[in-house]
Amino acid sequence: MEIVLAIGIGIFTTSGVWLLLRPRTYQVIIGLALLSYAVNLFIFAMAGGGLRVDAPPILPPGGIGDPAAIADPIPQALVLTAIVIGFAMTALFLVVLLAARGRTGTDHVDGREPER
Amino acid sequence: MPHDTLLLAALLLPFLGSLAAGFLPTHARNSAAVLAGSVAVAGMAITIWLYPTVAEGTPVQFWLSWLPMLGLDFTLRLDGLAWLFAMMIFGIGALVVLYARYYMSREDPVPRFFSFLLAFMGSMIGIVLSGNLIQLVFFWELTSLFSFLLIGYWHHSASARDGARMALTVTGTGGLCLLVGVLLIGRIVGSYDIDQVLESRDLIVQSELYVPALVLILLGAFTKSAQFPFHFWLPHAMAAPTPVSAYLHSATMVKAGIFLLMRLWPVMSGTDAWFYMVVPAGLVTLILGAFVAIFQQDLKGLLAYSTISHLGLITLLLGLGSPLAAVAAIFHTLNHAIFKASLFMAAGIIDHETGTRDLRKLSGLYRYMPFTATLAMVAAAAMAGVPLVNGFISKEMFFAEAVADHTGSLLDDSLPYWATLAGVFSVTYSLRFILGVFFGPPPIGLAHRPHEPAHWMRFPIELLVLICLLIGIVPGLTVGPVLATAVNGLLDATPPYYSLSVWHGFNLPLMMSLIAMAGGVVLYLALRRYLQSGIEGPPILRDFKGQRIFEKVLATLSWQWARAAEFALGTRHLQPQMRIVITLAVVAALAPFIANGAVGTGDKPGTALPPAFALLWLIGGACALGAAYQAKYHRFAALVLVGGAGLVTCITFVWLSAPDLAVTQLLVEIVTTVLLLLGLRWLPKRIEDVYPTRPPLKVLLRRYVDITIACGLGGVMAFLAYCLMTRPLNSSVSRFFVERAYSEGGGTNIINVILVDFRGFDTMGEIVVLCLAALTVFALLRRFRPAPESIRTPEQQRIQNAYDEASPDRSPGDTVADYMLIPRLIMHWLFPVIAVMAVYLFMRGHDLPGGGFAAGITLSIAFVVQYMASGARWVEDHLRVLPLRWMGLGLLTSCATGVGSWWFGYPFLTSHFQYVEVPFIGKMPAASALLFDLGVFALVVGATVLILIALAHQSLRSSRASQAAEGGD
Numbered sequence: 278m279e280i281v282l283a284i285g286i287g288i289f290t291t292s293g294v295w296l297l298l299r300p301r302t303y304q305v306i307i308g309l310a311l312l313s314y315a316v317n318l319f320i321f322a323m324a325g326g327g328l329r330v331d332a333p334p335i336l337p338p339g340g341i342g343d344p345a346a347i348a349d350p351i352p353q354a355l356v357l358t359a360i361v362i363g364f365a366m367t368a369l370f371l372v373v374l375l376a377a378r379g380r381t382g383t384d385h386v387d388g389r390e391p392e393r
Numbered sequence: 003m004p005h006d007t008l009l010l011a012a013l014l015l016p017f018l019g020s021l022a023a024g025f026l027p028t029h030a031r032n033s034a035a036v037l038a039g040s041v042a043v044a045g046m047a048i049t050i051w052l053y054p055t056v057a058e059g060t061p062v063q064f065w066l067s068w069l070p071m072l073g074l075d076f077t078l079r080l081d082g083l084a085w086l087f088a089m090m091i092f093g094i095g096a097l098v099v100l101y102a103r104y105y106m107s108r109e110d111p112v113p114r115f116f117s118f119l120l121a122f123m124g125s126m127i128g129i130v131l132s133g134n135l136i137q138l139v140f141f142w143e144l145t146s147l148f149s150f151l152l153i154g155y156w157h158h159s160a161s162a163r164d165g166a167r168m169a170l171t172v173t174g175t176g177g178l179c180l181l182v183g184v185l186l187i188g189r190i191v192g193s194y195d196i197d198q199v200l201e202s203r204d205l206i207v208q209s210e211l212y213v214p215a216l217v218l219i220l221l222g223a224f225t226k227s228a229q230f231p232f233h234f235w236l237p238h239a240m241a242a243p244t245p246v247s248a249y250l251h252s253a254t255m256v257k258a259g260i261f262l263l264m265r266l267w268p269v270m271s272g273t274d275a276w277f278y279m280v281v282p283a284g285l286v287t288l289i290l291g292a293f294v295a296i297f298q299q300d301l302k303g304l305l306a307y308s309t310i311s312h313l314g315l316i317t318l319l320l321g322l323g324s325p326l327a328a329v330a331a332i333f334h335t336l337n338h339a340i341f342k343a344s345l346f347m348a349a350g351i352i353d354h355e356t357g358t359r360d361l362r363k364l365s366g367l368y369r370y371m372p373f374t375a376t377l378a379m380v381a382a383a384a385m386a387g388v389p390l391v392n393g394f395i396s397k398e399m400f401f402a403e404a405v406a407d408h409t410g411s412l413l414d415d416s417l418p419y420w421a422t423l424a425g426v427f428s429v430t431y432s433l434r435f436i437l438g439v440f441f442g443p444p445p446i447g448l449a450h451r452p453h454e455p456a457h458w459m460r461f462p463i464e465l466l467v468l469i470c471l472l473i474g475i476v477p478g479l480t481v482g483p484v485l486a487t488a489v490n491g492l493l494d495a496t497p498p499y500y501s502l503s504v505w506h507g508f509n510l511p512l513m514m515s516l517i518a519m520a521g522g523v524v525l526y527l528a529l530r531r532y533l534q535s536g537i538e539g540p541p542i543l544r545d546f547k548g549q550r551i552f553e554k555v556l557a558t559l560s561w562q563w564a565r566a567a568e569f570a571l572g573t574r575h576l577q578p579q580m581r582i583v584i585t586l587a588v589v590a591a592l593a594p595f596i597a598n599g600a601v602g603t604g605d606k607p608g609t610a611l612p613p614a615f616a617l618l619w620l621i622g623g624a625c626a627l628g629a630a631y632q633a634k635y636h637r638f639a640a641l642v643l644v645g646g647a648g649l650v651t652c653i654t655f656v657w658l659s660a661p662d663l664a665v666t667q668l669l670v671e672i673v674t675t676v677l678l679l680l681g682l683r684w685l686p687k688r689i690e691d692v693y694p695t696r697p698p699l700k701v702l703l704r705r706y707v708d709i710t711i712a713c714g715l716g717g718v719m720a721f722l723a724y725c726l727m728t729r730p731l732n733s734s735v736s737r738f739f740v741e742r743a744y745s746e747g748g749g750t751n752i753i754n755v756i757l758v759d760f761r762g763f764d765t766m767g768e769i770v771v772l773c774l775a776a777l778t779v780f781a782l783l784r785r786f787r788p789a790p791e792s793i794r795t796p797e798q799q800r801i802q803n804a805y806d807e808a809s810p811d812r813s814p815g816d817t818v819a820d821y822m823l824i825p826r827l828i829m830h831w832l833f834p835v836i837a838v839m840a841v842y843l844f845m846r847g848h849d850l851p852g853g854g855f856a857a858g859i860t861l862s863i864a865f866v867v868q869y870m871a872s873g874a875r876w877v878e879d880h881l882r883v884l885p886l887r888w889m890g891l892g893l894l895t896s897c898a899t900g901v902g903s904w905w906f907g908y909p910f911l912t913s914h915f916q917y918v919e920v921p922f923i924g925k926m927p928a929a930s931a932l933l934f935d936l937g938v939f940a941l942v943v944g945a946t947v948l949i950l951i952a953l954a955h956q957s958l959r960s961s962r963a964s965q966a967a968e969g970g971d
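Protein chains in written order, with the numbering used here: chain A, 278 to 393; chain B, 3 to 971.
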């Protein structure tokens with residue numbers, strides 16, 4: 278499982294970074310989305326105890342039980358925050374993108390078409 | 003009231019008064035003046051009341067624990083020196099308020115003026131009462147800010163704006179230097195407390211940080227007190243209303259720098275570094291200020307340069323480092339405040355009555371306003387240092403100190419000559435002031451016949467001049483005890499012997515005074531012709547303007563250097579910058595591995611790989627690569643593919659024991675997709691085939707470089723992720739949260755407890771960010787101008803409308819309205835279902851996957867679905883959605899929950915929980931964190947809905963525009 282997830286993170290990162298370096302604003306926004314998946318998964322994969330299937334993230338009623346059996350909550354809490362902030366960032370960037378398209382007449386990231 | 007409370011009252015009164023004055027109606031001139039006057043008089047009364055205690059030599063102190071872990075307390079401290087300054091600030095403040103009541107015009111927004119003035123007064127009091135240095139710097143910066151507001155009070159005048167900005171730039175920069183200097187002192191001494199600092203002279207002087215600290219502190223003091231070469235802001239500050247000048251440039255603002263020098267004088271003076279930095283600055287300021295003052299044509303300009311010169315004199319005295327010189331400095335500070343305030347007020351009266359301050363136009367006013375003229379003459383005599391007026395005694399003390407031997411250097415030996423020269427100049431400009439304004443032929447070309455001002459406008463001058471005379475004639479009886487108290491506050495050792503009497507016998511200082519007076523008269527007679535020629539400024543220095551240099555420096559810094567830096571480092575292209583940023587990030591991330599040896603994979607046994615997981619990621623990888631490939635020309639396809647990648651992420655979360663993340667990811671995915679779809683409407687189609695044949699080599703090369711970077715970074719990430727996943731994580735704080743989530747947070751969903759309880763403050767910051775992002779989106783869209791290509795209604799709607807127009811029994815819009823009728827109905831019905839789902843997610847959030855974020859986004863989806871089904875108009879006719887209210891309420895609820903814990907004596911956002919029995923539902927956890935989560939919920943709903951609706955509304959706005967455009971076709 279580890280190797281698959283690692284390769285997946287790598288592919289997401291590659292696609293995201295490639296798009297970040299592209300000249301069109303829409304490519305950049307898609308790239309940011311892909312890169313944020315990659316980073317979220319990367320943080321998530323840091324969990325103590327490694328990748329775990331079927332580990333409860335919730336405490337059993339009325340006690341703690343075995344703390345080692347519980348899924349590591351910290352990466353999850355971090356990623357949860359990151360997902361919401363990622364949404365805010367996408368929204369803001371989208372509106373800037375649209376406004377720039379309207380104002381400059383081009384969707385190039387520099388606000389003007391490159392000279393050829 | 004106990005003394006310490008009184009001290010606090012003295013500090014708070016002006017600020018409270020300022021606040022109150024700010025709320026008065028715009029033209030409430032009298033009530034604002036009464037308010038300001040009573041504050042100043044009350045402050046003065048408190049100060050006087052405290053005098054007996056201070057005179058005994060024990061400072062009155064107020065102490066409040068502030069940041070004990072940093073060794074910072076809020077302390078107020080009133081010793082003799084502070085008492086004298088506080089007395090000047092309140093006393094002259096009260097007189098200035100009375101004067102301003104008559105000076106300010108009925109049309110001006112006078113309450114605002116008094117509000118600023120009181121705030122400034124409070125800041126000054128804060129400086130002199132501060133018991134620790136950080137606090138002092140804080141109030142110091144406040145005086146810079148409020149003086150900016152006061153100088154720029156007539157903000158319609160460009161010169162007032164420029165003068166205010168210049169004063170703020172110069173004194174604000176000095177304030178920053180001072181802050182660093184004070185931090186250095188704190189580092190040397192180990193405390194910012196003034197009492198402790200004052201006891202650590204040896205430590206400070208011997209420290210290797212002494213010189214840097216000294217330079218920085220002097221920069222602060224010199225900029226504030228307008229010492230050369232920072233003097234140029236003061237004359238430009240004369241664009242302020244005259245009461246402001248009378249206050250700022252006599253008793254306050256500029257004296258703050260002097261006060262600082264005095265405050266630190268016991269621990270920092272007496273070294274060579276001090277002498278050679280302070281004395282030359284003071285001397286040059288003294289001579290230059292006095293010389294330039296002679297040639298001013300503006301009455302207030304003359305007084306401004308004279309102020310600069312007198313400040314130089316005080317600085318020079320402090321620089322000498324001898325206790326007697328310090329006594330003279332304190333005494334002259336007091337005297338200067340008194341006579342300069344009265345002279346500024348007199349200048350204001352002249353301006354008020356004649357409509358001009360130009361010395362070329364004024365003359366012979368004695369016949370119209372003999373009282374004012376007489377008062378001004380006495381004050382000017384004090385400025386010139388004529389016997390029997392207060393200025394004379396402190397000037398004699400200065401001359402005596404100039405003659406006395408300090409370091410035996412050339413500079414020290416030449417001081418008597420320089421002092422006499424400055425004396426000559428001061429007599430000349432004082433003569434010019436009096437003779438030019440009040441004597442000579444009657445003025446020509448004035449708007450109306452000048453006359454004496456209202457009595458109460460003149461009263462402050464009368465009082466000040468009376469004090470001038472009293473101090474000048476019977477100094478020992480009047481000012482003696484006060485001065486002794488102030489000197490006691492400054493010098494901890496036994497104060498030196500000094501004599502306050504008018505007649506000291508026929509000695510060298512008296513000779514110097516006589517020479518100065520005679521020389522001044524001769525110089526005035528000699529310069530008379532030049533001055534009457536009406537040329538502005540002194541012969542040589544005329545072309546050398548501080549303001550021009552200031553502007554040049556500013557232009558160099560903010561324009562030329564910035565351009566140079568941009569040329570060297572910047573580019574107008576984003577892509578090269580992105581390449582640099584990403585490459586740097588990779589290098590920075592790899593550097594520790596390279597430095598500490600190669601990283602390798604661990605030997606932890608891997609988790610078994612279910613084939614479905616591998617298949618899932620096959621799809622995920624394909625989606626990501628496909629999105630990367632399609633994003634240029636096929637935006638919709640790219641959007642779908644990104645959604646696929648998001649879904650794979652989401653399934654991975656749920657597979658790997660993170661249901662909370664999966665829920666949130668899924669919901670955010672939905673909202674993001676809707677958002678991007680709405681955005682696509684306004685993004686015109688890309689022109690395909692930018693390079694119809696083969697792209698040029700440059701472009702190809704760039705793509706190869708980018709692919710290399712992307713693959714490199716992707717490979718690094720994959721490798722790092724794999725290494726980390728195969729190594730055991732040894733220690734983590736996770737256990738802390740696992741063990742305490744239930745016992746201290748009262749919830750079994752650890753992630754939710756972390757978010758709303760343990761790390762509640764982080765979440766608070768996060769929702770504020772969300773709030774700001776939403777508001778920015780909203781603001782940007784209010785002025786949104788879509789691309790012209792996308793203004794027309796979409797093709798489908800156009801076809802539908804054309805069909806409607808062609809059919810006689812249909813009106814345009816009918817087809818659109820009936821479109822997707824059945825899905826729409828289902829979507830309407832879905833609203834309560836989704837809303838209940840949101841509530842459910844919210845309620846169970848503390849114990850099971852869910853929570854405020856997820857619930858908030860769910861509810862916003864319920865709203866958005868309605869918009870998608872029926873359009874903005876229908877929804878807003880049937881449903882009142884007020885996203886801004888949701889956001890505001892959410893933020894307030896969260897803050898209030900946080901603040902609520904203060905009531906019970908706990909720190910911000912401490913949560914409390916217990917289980918309560920709810921009918922029909924059963925035992926429910928009721929934690930205050932739940933209330934906080936409610937705030938998060940409301941804010942997330944508001945922010946998400948605001949963003950989506952703002953974008954959706956563009957269709958409404960531009961459908962009007964497009965109808966107009968199509969109608970014109």
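By construction, the Cβ of each residue, glycine as well, lies at the ideal position given by its N, Cα and C atoms. Since the structure is predicted, the reported quantities are computational estimates derived from the model, not experimental observations.
1) Could you list which residues in chain A have their beta carbon closer than 9 Å to that of Thr654 (chain B), in chain order?
2) Taking 7 Å as the limit between beta carbons, can you name the residues of its chain near Ala23 (chain B), skipping five residues before and five after?
3) Does the beta carbon of Glu109 (chain B) sit closer than 8 Å to a beta carbon anywhere in chain A?
4) Whose C-beta lies closer than 7 Å to the C-beta of Ala404 (chain B) among residues of the same chain, with five residues either side of it excluded?
5) For the segment 881-935 of chain B, which segments carrying the beta strand (DSSP E) assignment without a break, of at least 3 residues, lie completely within its bounds, in sequence order?
6) Around the C-beta of His848 (chain B), are 16 or more other C-beta atoms found within 10 angstroms, so that it is buried, or is it exposed?
7) For Asp708 (chain B), count neighbouring C-beta atoms within 10 Å of its own C-beta (all shown protein chains included) and say buried if the count is 16 or more, exposed if not.
8) Can you have a look at Glu791 (chain B) and say buried or exposed, based on whether 16 or more other CB atoms are within 10 angstroms of its CB?
9) Using the beta-carbon of each residue, which ones in chain A are nearer than 7 Å to Cys713 (chain B)?
10) Please list the partners that Met727 (chain B) has in chain A, where partner means a Cβ-to-Cβ separation under 8 Å.
11) If you run the structure through DSSP and keep just helix, strand and coil, what is Trp142 (chain B)?
12) At a CB distance below 8 Å, what residues from the segment 296-310 of chain A approach chain B? Give them in sequence order.
13) If you draw a straight line from the alpha carbon of Ser813 (chain B) to that of His158 (chain B), how long is it in whole angstroms?
14) Going by CA-CA distance only, name the one from B:Gly128, B:Gly259, B:Thr666 that's closest to Leu180 (chain B).
15) Quick check on the burial criterion: 16 or more other C-beta atoms within 10 angstroms. Buried or exposed for Gly747 (chain B)?
16) Using a Cβ-Cβ distance cut-off of 8 Å, determine whether Asp759 (chain B) contacts chain A.
17) Mind listing which residues of the segment 581-593 of chain B have their C-beta closer than 8 Å to chain A's C-betas, in chain order?
18) Beta-carbon of Val866 (chain B) versus every beta-carbon of chain A: anything under 8 Å?
19) Find out if the Cβ-Cβ distance for the pair Ala1014 (chain B), Ala840 (chain B) is shorter than 8 Å.
20) Considering only C-alpha positions, which residue in the set B:Val439, B:Arg826, B:Val835, B:Tyr908 is nearest to Val877 (chain B)?
21) In the DSSP assignment, find the unbroken alpha helix (DSSP H) run with Asp972 (chain B) in it and report its ends.
22) Would you say Tyr307 (chain B) and Val294 (chain B) are within 8 Å of each other, going by their C-beta atoms?
23) Can you give me the Cβ contacts of His385 (chain A) inside the same chain, cut-off strictly under 8 Å, excluding the 5 residues immediately before and after it?
24) Short of 7 Å in beta carbon distance, which residues of its chain neighbour Gly622 (chain B), apart from the five on each side in sequence? Order them along the chain.
On the basis of the coordinates in this document:
1) Counting from one through the second sequence, the residue named residue 654 (chain B) turns up at place 652. What Thr654 (chain B) touches in chain A: Leu282, Gly285, Leu318, Phe321.
2) Counting from one through the second sequence, the residue named residue 23 (chain B) turns up at place 21. A distance below 7 Å between beta-carbons, with the five flanking residues on each side excluded, links Ala23 (chain B) to the following residues of its chain, in chain order: Ala34, Leu37, Ala38, Pro113, Phe116, Ser117, Leu120.
3) Position 107 of the second sequence, counted from the first residue, corresponds to residue 109 (chain B). Proximity of Glu109 (chain B) to chain A, defined by a Cβ-Cβ separation below 8 Å, is not satisfied.
4) The residue given as residue 404 (chain B) occupies position 402 in the second sequence. Within the same chain, Cβ atoms closer than 7 Å to the Cβ of Ala404 (chain B) are found at Leu417, Pro418, Ala421, the five residues on either side in sequence being excluded.
5) With a minimum length of 3 residues, the continuous beta strand (DSSP E) runs that stay inside the segment 881-935 of chain B are 915-920, 924-929.
6) By one-based count along the second sequence, residue 848 (chain B) stands at place 846. The residue is buried, with at least 16 neighbouring Cβ atoms inside 10 Å.
7) For the purposes of this step, residue 708 (chain B) is taken as the residue at position 706 of the second sequence. The residue is buried, with at least 16 neighbouring Cβ atoms inside 10 Å.
8) For the purposes of this step, residue 791 (chain B) is identified with residue 789 of the second sequence, where counting begins at 1. Burial check for Glu791 (chain B): the Cβ neighbour count within 10 Å stays below 16, so the residue is exposed.
9) On the second sequence, residue 713 (chain B) is found 711 positions in, with the first residue counted as 1. Thr291, listed in chain order.
10) To locate residue 727 (chain B), count along the second sequence from 1; it is residue 725. Ordered by position in chain A, the residues that pass the 8 Å Cβ test against Met727 (chain B) are Glu279, Leu282, Ala283, Ala322, Gly327, Leu328.
11) Working through the second sequence from its first residue, we reach residue 142 (chain B) at position 140. Three-state DSSP puts Trp142 (chain B) in a helix.
12) Result list: Leu296, Leu297, Leu298, Arg299, Pro300, Arg301, Tyr303, Gln304, Ile306, Ile307, Gly308, Ala310.
13) As a first step, residue 813 (chain B) is located in the second sequence; it is residue number 811 there, counting from the start. As a first step, residue 158 (chain B) is located in the second sequence; it is residue number 156 there, counting from the start. Near 57 Å, if we compare the C-alpha coordinates of His158 (chain B) and Ser813 (chain B).
14) Taking the second sequence and counting its residues from 1, one reaches residue 180 (chain B) at position 178. The option with the nearest alpha carbon to Leu180 (chain B) is B:Gly259.
15) As a first step, residue 747 (chain B) must be located in the second sequence, where it is residue number 745. Around the C-beta of Gly747 (chain B), 16 or more other C-beta atoms lie within 10 Å, and the residue is accordingly described as buried.
16) As a first step, residue 759 (chain B) must be located in the second sequence, where it is residue number 757. So, not an interface residue.
17) Within the segment 581-593 of chain B, the residues whose Cβ lies closer than 8 Å to some Cβ of chain A are Arg581, Ile584, listed in chain order.
18) Position 864 of the second sequence, counted from the first residue, corresponds to residue 866 (chain B). No, no contact with chain A.
19) Residue 1014 (chain B) lies beyond the residue range present for chain B, which begins at 3 and ends at 971; the question has no answer from this structure.
20) As a first step, residue 877 (chain B) must be located in the second sequence, where it is residue number 875. When C-alpha distances from Val877 (chain B) are compared across B:Val439, B:Arg826, B:Val835, B:Tyr908, the shortest belongs to B:Arg826.
21) An answer regarding residue 972 (chain B) cannot be provided, because it is not within the stretch 3 to 971 covered by chain B.
22) For the purposes of this step, residue 307 (chain B) is identified with residue 305 of the second sequence, where counting begins at 1. For the purposes of this step, residue 294 (chain B) is identified with residue 292 of the second sequence, where counting begins at 1. Closer than 8 Å, so yes.
23) For the purposes of this step, residue 385 (chain A) is identified with residue 108 of the first sequence, where counting begins at 1. Around His385 (chain A): Pro300, Arg301, Thr302, Pro391.
24) Translated into the one-based positions of the second sequence, residue 622 (chain B) becomes position 620. In its chain, beyond the 5 residues on either side, Ala647, Val650 have a beta carbon closer than 7 Å to the beta carbon of Gly622 (chain B).
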